[in-house]
Amino acid sequence: MTLAWRGENVAVSSVERALPAQSAESAREAVTAAGVANPLASLPAGAWEAVARAAINPEAVAIMLRPTAQEPAGLLLEENVEGATLRTFNTRVWLSELLPGIQPRTGMEVMDISDPQVVGTIEKGEPCAVVRYRYRDFQHLKDHVRQTVHSTLALNSYAASILGRKVTRPLITHPVEFTFEDGTESFHALVVRDGITRLASAWAVLAGPEADAARAADLMVESLFGGVARGKVDGRTLSDRLAAVRETWRHALADEFHQAMAAEEPGDRGIHIAQTYVVPAQVAVGAEGHPGHLLAPEDVFDDAMRSILASVHVEFKAWDSAAQNVEVATRALKRVIQLGDAPVAKESLQVVYGLAVGRTAPENLPREYGDSQLPGTALWRGIQLVHALTRPELYERLKDQAKTIKGGSRMSAKGFAELLGPIIDLPWRSAKKAVSKQARNAWGNGGVLTRDVLKEWEPALTDDFTTLVEPAMAGRVDARCTLAVAGGIALIADKLLTRNVGSSLMAPKEKGGVPFRSDVHLVVENLSAEDNELGLWTLALTANRFRADLLPENAQSMRQFVRRNRKEEESSAYVHLKVDLAQPDKIARDENGVPVPLFEWDVVWASDQARASEAYAEHRLRQFPSPATSSDSGTDVKEEQPSGAGWGSTGGETTSAESKPSDTSFSGSGEGIPSSRRAADYRRTLRSNLESARIALDGLTEIDSTAGSWPPVIESTDFVDLRQSLLDLQTDLENLRRNIQGDDPTIPVESEDEDEG
């Protein structure tokens, strides 16, 4: 049969006419007993109960778990990964017994709801196939589940495929103990570690073709948690009450299914339920560390699961490069900490790890490092991370672990810099997300890892980077490297230094042009040379002006589209400025005394002025090969100056939409009403609704600038529809103008003042 789904016809290959029956409690108890007795499985009793609740056929699971003389592990599957052996089994589980784990695909995004703390568990000193998620309270858990499903569906959805063929590939799952800081009772549940998109898409099918991602997320939370409150009720534990909510929901869904399938032709709702009621799953129930593997026992199982996920999503369905880099970098650092062979105190590495994964906020830097002189800013967080992760005693070990995780044979400095990009930009991911792709490409092109930065140096603590220029010119390595890292991070984050691409060569500076091509780390290296005063001042002033909460006006991709708020215009603008060494404040100004904005052309020019002058002179000579031009093409070529106009267009002032058509004679039919009055009513309606749209758009823009970077405030499908509606409205308005004014848009409109006298 064929079903309509969001504008397309989906061919449904097969539909079951009956749903599995709920299992008996005795069958679930048999699973728990068999699991506890299996010597090669490692789960506590509460986790076995969660596994038994999830399986639609617990009798078969109990058989697989029972060991025999020939098979000590029963019928469990073994999977060897680096450092550990995982034991799993395949079965079918209720969709409503699965919770989403932490989504790696959005690990490089800023989310409104923070991830829980993840801690491994052990039993009798051996790894346990359970991890512990620690939330602030029960509401934090529900909000996190809602956010995970919403953000996942905003990235991708397999809803149409699942509607046609069900979930065909098993979800990789394992039990998790959910704990809470506020004292709420803990409970165990089965969590999906790989296949979160399939899980979320199944809920999208259940929500129906008209539901958006947010509604699908709400449905999941409402169905799985209901109105369950903390604390014991009628002597039942939180785990029992949640299980009862899910079972009641399944019964209600089954009744709905039977009603829809009773007709001669199955109803759409029945098919939605049939395709998603149960899903295949691979359930991990045991973990054994390999001899000689030095990871702490509590980290063996989680590292093994992350290893499986990383291999699947590099070879089969890859995460985007930023998500892979976050996973690889944090796992490599965690491994180095656990191996303990680096000549760095574990306590210091734990501080670095906390910074890298976002557990330590920038404002807590002075406390974590025990130094009140260390500024607690986002930029200094980046400096400290780059410094710590590139120390010679740590750098090679991190690269070795990253190579092992990625399965490669070598890793260059550029490859390591690429890993750092989505870790360094954590504090400003949301504010600068419009240029995050270009920034991460710049990190992949070497970032700030100059030759000196990879050697021995210590950050020169300061809250005014211009104070480091003089010692840097005097040859102090600490000052030069601090300026290179601080200024380089700022230039990359604000898209004033991008990767080496041929299309930017000799393009206009307002369009991101550069006088010559060079890798990013080489530009930073030349800027920070001790004999390059112009370059050092460029780094210092850029670092000083850097802000983590928004983009500067001269960030290339924003110039034509920024609509500034009037209140923001009254404050000082955020813009990086070009350097003029002849000025007392080192800021270049035009003939009217207005500061000149900095462009990538100026940054690259400052890194090697002789090379830039020569390259530009040759370019001019090729363009204008006349004697007059040739005589002007020496090293003292005057650069193109950026035009001051067009940094950002200002829109109209936001007004209130309180005025609405108040004339009671307003009528769509127009019968008996003069056309002039009806036109006036329609004009008021149009203006009022446009003002309402402006308020709504401003509200979305404000949320977008202050909330996390994912999920988006408008999903891609909605954006296409909204944009088309606006374009249609603009077209109709232009057609109306042409009917009234003709094809000449410059017809003057007389004012009352011109008629006076």
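Numbering-wise (my numbering), the sequence shown opens with residue 621 and increments by one. Even glycine gets a Cβ: it sits at the ideal position worked out from N, Cα and C.
Can you give me the C-alpha to C-alpha distance between residue i and residue j, rounded to a whole angstrom?
{"i": "R987", "j": "P995", "result": "10 Å"}
{"i": "V751", "j": "F709", "result": "18 Å"}
{"i": "P659", "j": "P692", "result": "7 Å"}
{"i": "I1233", "j": "V1223", "result": "Reading off the sequence, residue 1233 comes out as Ser, not Ile. Their Cα atoms are separated by approximately 13 Å."}
{"i": "N1065", "j": "Q690", "result": "55 Å"}
{"i": "A1033", "j": "R856", "result": "57 Å"}
{"i": "A654", "j": "R707", "result": "15 Å"}
{"i": "A672", "j": "G1107", "result": "56 Å"}
{"i": "A749", "j": "K1053", "result": "37 Å"}
{"i": "V1383", "j": "Q767", "result": "Outside the displayed range of the chain (621 to 1377) lies residue 1383, so it cannot be described from this structure."}
{"i": "I891", "j": "K1057", "result": "41 Å"}
{"i": "L1201", "j": "E1153", "result": "8 Å"}
{"i": "D735", "j": "E699", "result": "28 Å"}
{"i": "P1135", "j": "F1339", "result": "38 Å"}
{"i": "A1299", "j": "T1305", "result": "10 Å"}
{"i": "R1179", "j": "G740", "result": "Note on R1179: pLDDT 40, under 50, position unreliable in the model; the coordinate value appears next. Spanning the two alpha carbons is a distance of roughly 48 Å."}
{"i": "F758", "j": "A827", "result": "24 Å"}
{"i": "V903", "j": "E918", "result": "19 Å"}
{"i": "N1146", "j": "S1227", "result": "5 Å"}
{"i": "D854", "j": "M684", "result": "35 Å"}
{"i": "K786", "j": "P678", "result": "22 Å"}
{"i": "K1026", "j": "L929", "result": "12 Å"}
{"i": "L1111", "j": "I1207", "result": "17 Å"}
{"i": "A1193", "j": "R1209", "result": "16 Å"}
Take residue i and list the residues in its own chain whose beta-carbon comes closer than 7 Å to its own, dropping the five residues that flank it on each side.
{"i": "E1335", "result": "A774, D832 and A833"}
{"i": "S898", "result": "Contrary to the premise, residue 898 reads as Val rather than Ser in this sequence. Cβ within range, chain order: P640, I676, R712, V713, W714 and L715."}
{"i": "F1244", "result": "none"}
{"i": "P1047", "result": "P982, A998, R1001 and A1168"}
Would residue i pass as a contact of residue j if the rule is Cβ separation under 8 Å?
{"i": "L1069", "j": "H1007", "result": "no"}
{"i": "S843", "j": "F807", "result": "no"}
{"i": "E1173", "j": "V1195", "result": "yes"}
{"i": "G909", "j": "A661", "result": "no"}
{"i": "A592", "j": "T711", "result": "Within the shown structure, residues of the chain are numbered from 621 to 1377, placing residue 592 beyond reach of any answer."}
{"i": "I1043", "j": "V1105", "result": "no"}
{"i": "P790", "j": "A901", "result": "yes"}
{"i": "A809", "j": "L719", "result": "yes"}
{"i": "R754", "j": "Q737", "result": "yes"}
{"i": "L1116", "j": "L1103", "result": "no"}
{"i": "A864", "j": "E628", "result": "no"}
{"i": "R1060", "j": "A942", "result": "yes"}
{"i": "D1084", "j": "N1164", "result": "yes"}
{"i": "A880", "j": "R889", "result": "yes"}
{"i": "V948", "j": "L1039", "result": "yes"}
{"i": "L1448", "j": "F798", "result": "The chain is shown from 621 up to 1377; residue 1448 falls before or after that span and cannot be answered."}
{"i": "L783", "j": "W625", "result": "yes"}
By the three-class DSSP mapping on this structure, what secondary structure does residue i have?
{"i": "Q737", "result": "strand"}
{"i": "A837", "result": "helix"}
{"i": "R1137", "result": "coil"}
{"i": "S633", "result": "coil"}
{"i": "H910", "result": "coil"}
{"i": "Q902", "result": "strand"}
{"i": "L660", "result": "coil"}
{"i": "V681", "result": "helix"}
{"i": "E885", "result": "coil"}
{"i": "I676", "result": "coil"}
{"i": "N1212", "result": "coil"}
{"i": "D971", "result": "It should be noted that the sequence gives Val, not Asp, for residue 971. Here V971 sits in helix by DSSP."}
{"i": "T1118", "result": "coil"}
{"i": "N1174", "result": "coil"}
{"i": "D832", "result": "coil"}
{"i": "T950", "result": "helix"}
{"i": "E1322", "result": "helix"}
{"i": "E1150", "result": "coil"}
{"i": "I891", "result": "helix"}
{"i": "Q1361", "result": "helix"}
Grab me the residues of residue i's own chain with a C-beta within less than 6 Å of its C-beta, minus the 5 sequence neighbours each way, in chain order.
{"i": "M621", "result": "V632"}
{"i": "R1017", "result": "V956 and A962"}
{"i": "P1281", "result": "Because the pLDDT of P1281 is 40, which lies under 50, any placement of that residue in the model is unreliable, and the number read from its coordinates should be weighed accordingly. The residues are D1301, R1304 and T1305."}
{"i": "I887", "result": "Note that residue 887 is Gly in the sequence shown, not Ile. The residues are A880."}
List in chain order: all unbroken alpha helix (DSSP H) runs of 4+ residues lying wholly within the region 1066 to 1106. 1089 to 1093
At what residue ranges does the region 989 to 1031 contain a whole run of the alpha helix (DSSP H), taking only runs of 4 or more? 998 to 1009 and 1012 to 1026
Whole alpha helix (DSSP H) elements within the region 754 to 803, 4-residue minimum: 758 to 775 and 779 to 785
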